[in-house]
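Read through the structure below, which is laid out as structure tokens, and then see the notes.
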DNA sequence: CCTATGTGCTTCGGATTCGAAGCAACTGGT
DNA sequence: ACCAGTTGCTTCGAATCCGAAGCACATAGG
């Protein structure tokens, strides 16, 4: 761990920076449009869009969290916000009493519909404009593979919930430096 | 703006989702590693890395903000945090009294060096592992073009500071919440 | 010199985010 | 039925982030 700094080569560095910067810029632009068109944050839009695509417009909280790269608590917060605005409803599931089913409302679909054209326009202007069809296909392929790989790969320490103390597997958390 | 919903085709949708998801997953993983290895947020790392690459390890606040996709106030916040930790110094510029020059310290370079190997490792494991050399080159090319285009394109409403009211560009009172 | 305007950065208030801890419901073994 | 372990979601505290407003310096025109 102290020997050879593997130092990315120029191409890898370019790809990495381009990925981060492009996604950041795109996300910022999209967020601005969503805010103006429907007072939605990006996550709220993702949630509504996911629900709109789901059968019956419903999903369990956990399934929603799986789709979006998001923490559970953050999802709870946004679901509450959307419920307050009347864009979704939250009802306890009949099967599992602890499970909550989130459903998009008519108002939610309206907001979604009102926001969508502008959303597509931003994507066209910013992301797709400078790219050819072949570029877009290639991009979808490469990034799709990368994403699938990342989803399969545990993020460096098991997400498992520990109810018993690890007692030996301690991981020197945040040492003061 | 209300006529034909241009509805992205399947390929565009795939590319878009793959981009957002891949970058989110990667960013999360990287953030976790940075936090464990050096108690740095992603932005803090970006700032230190940018400074480390700069001549003399120094940059003006504005130039830093240009490099990172970030708000001015957020940059101020993080610069203060880094200064408190002794990883950077902030000194008024001699030329322009209002300009602040941020400089990375030795401690800052140490933290950067301590964090870097793990950072590279995460990138290798998560992003580059499932990709060929050609993939990486292609990715850098395509996303590089997209990024450059986005940087050139104003984000849908001029970033210009208006000291006089635009009077025509009136905006719905986007109160958040 | 003085006023008007532009630029660089910070402060302020509020929104969003996360992880840890907690509560309630389910599951399997006895 | 009971207990321990697991799972689904929420609450809590703290950190991070942004935009609007503000302060201080800089520059141009009279």
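Chains as they are written, first to last, in our numbering: chain A, 3 to 179; chain B, 3 to 179. For every residue, glycine included, the Cβ atom is placed at its ideal position computed from N, Cα and C. In this text, all values refer to a predicted model and were calculated from it rather than measured experimentally.
Practice task
Name the residue from A:22, A:97, A:42 whose alpha carbon lies nearest to the alpha carbon of residue 85 of chain A.
Solution key: A:42
Problem - Sub-8 Å separation of residue 121 of chain A and residue 132 of chain B beta-carbons - result: no
Exercise for the section: Taking only beta-carbon positions, decide if residue 125 of chain A is within less than 8 Å of chain B. Expected result: yes
Exercise for the section: Using alpha carbons as the reference points, say which of B:23, B:140, B:125 lies closest to residue 70 of chain A. Expected result: B:23
Exercise for the section: Indicate whether at least one CB of chain B lies closer than 8 Å to the CB of residue 101 of chain A. Expected result: Answer no: the Cβ-Cβ gap between residue 101 of chain A and chain B never drops below 8 Å.
Practice task
Compare the C-beta of residue 23 of chain B with all C-beta atoms of chain A and state if any pair is closer than 8 Å.
Solution key: At a cut-off of 8 Å between beta-carbon atoms, residue 23 of chain B makes contact with chain A.
Problem - Residue burial classification, residue 88 of chain B (beta-carbon count within 10 angstroms, cutoff 16) - result: exposed
Handout entry: residue 92 of chain B - containing beta strand (DSSP E), residue span
Key = It spans 90 to 94 - the beta strand (DSSP E) in which residue 92 of chain B sits, taken as one unbroken run.
Handout entry: Inter-stretch contact (C-beta, 8 Å, three-pair minimum) for the segment 89 to 106 of chain A and the segment 23 to 35 of chain A
Key = no
Handout entry: Between the CA atoms of residue 18 of chain A and residue 103 of chain B - distance to the nearest angstrom
Key = Spanning the two alpha carbons is a distance of roughly 27 Å.
Practice task
Output, in chain order, the set of chain A residues within a Cβ distance shorter than 9 Å of residue 83 of chain B.
Solution key: In chain A, no part has a C-beta under 9 Å from the C-beta of residue 83 of chain B; the shortest such distance is about 14 Å.
Exercise for the section: Determine, using beta carbons only, whether residue 106 of chain A comes closer than 8 Å to chain B. Expected result: Interface residue (Cβ-Cβ distance to chain B less than 8 Å): residue 106 of chain A is not classified as such.
Practice task
Using a threshold of 8 Å, state whether the C-beta atoms of residue 105 of chain A and residue 60 of chain A are closer than that.
Solution key: yes
Problem - Contacting residues, own chain, Cβ-Cβ under 8 Å from residue 53 of chain B (five flanking each side not counted) - result: 59, 60, 61, 66, 90, 104, 105, 106, 110
Handout entry: Continuous alpha helix (DSSP H) stretch holding residue 153 of chain B: start and end
Key = 135 to 154
Problem - Within chain B, the residues that residue 26 of chain A reaches when beta carbons sit closer than 7 Å - result: 71
Problem - DSSP bridge partner residues for residue 104 of chain A (one or two, in chain order) - result: A:61, A:92
Handout entry: Where the alpha helix (DSSP H) containing residue 126 of chain A begins and where it ends
Key = Unbroken run through residue 126 of chain A: none, as it is neither H nor E.
Handout entry: Continuous alpha helix (DSSP H) stretch holding residue 70 of chain B: start and end
Key = It is not in any alpha helix (DSSP H) - residue 70 of chain B carries neither H nor E in the DSSP assignment.
Handout entry: Under 8 Å between C-beta atoms of residue 138 of chain A and residue 14 of chain B
Key = Contact annotation: residue 138 of chain A and residue 14 of chain B have beta-carbon atoms nearer than 8 Å.
Handout entry: 8 Å Cβ cutoff met for residue 20 of chain A and residue 146 of chain B
Key = yes
Exercise for the section: Consult DSSP for residue 97 of chain B and reduce its assignment to one of helix, strand or coil. Expected result: Residue 97 of chain B: coil per DSSP, three-state reduction.
Exercise for the section: Could you tell me whether the Cβ atoms of residue 117 of chain A and residue 47 of chain A are closer together than 8 Å? Expected result: yes
Handout entry: Selection of the segment 137 to 158 of chain B by Cβ proximity to chain A, strictly under 9 Å
Key = Residues are counted here when their Cβ sits less than 9 Å from a Cβ of chain A; for the segment 137 to 158 of chain B these are 137, 138, 139, 140, 141, 142, 143, 144, 145, 146, 147, 148, 149, 150, 151, 152, 153, 155, 157, 158, given in chain order.
Handout entry: Cutoff 8 Å: residue 18 of chain A Cβ touching any chain B Cβ
Key = Chain B contact via Cβ: present.
Exercise for the section: For residue 90 of chain A, go through chain B and note every residue whose CB falls closer than 7 Å to its CB, in chain order. Expected result: Correct list: empty, because the minimum Cβ distance to chain B is about 17 Å.
Practice task
Go ahead and label residue 76 of chain A buried or exposed: buried means 16 or more other beta carbons lie within 10 angstroms of its beta carbon, across all protein chains shown.
Solution key: exposed
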